[in-house]
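This report concerns only the one structure given below.
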Amino acid sequence: MNSGEKVLFTTVYTNGQYYDYIESNMVFPVRMTWVRKTSYGLRFLKQNVPELEILEYPTREEYLRKLEEGWDVVG
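Numbering follows the numbering used here, with no gaps: position 4 of the sequence shown is 1489.
Structure (structure tokens):
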């Protein structure tokens, strides 16, 4: 990676509702949730390549605002 490149890695944007792992993977109704607000894969990349910028589960507006900053690579 060139030192001057601006690189943004992001998860898909959300509509304000976070992915609930338990609700999505359980066949019976439960009263607890495990809301997913953290992308462990992106954090792993950031720990190993500090030049990366990451964006975890942004809203559509946050995502579009971040794209306006001008990136060389978006993934």
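Note that the Cβ used here is the ideal one computed from N, Cα and C, for glycine as well.
In the structure shown, residue 1540 adopts extended strand secondary structure according to DSSP, grouped into three states.
The shortest C-alpha to C-alpha distance from residue 1522 to any of 1537, 1555, 1495, 1532 is the one to 1495.
For residue 1553, no alpha helix (DSSP H) encloses it, and the DSSP letter there is neither H nor E. Take the alpha-carbon of residue 1526 and the one of residue 1540: they are about 12 Å apart. Taking the Cα of residue 1542 as reference, the smallest distance to any Cα among 1524, 1558, 1533, 1535 is reached at 1524. Residue range 1492 to 1495 is occupied by the beta strand (DSSP E) that includes residue 1492. Take the alpha-carbon of residue 1490 and the one of residue 1500: they are about 29 Å apart. Of 1545, 1548, 1535, 1555, the smallest CA-CA separation from residue 1488 is found for 1535.
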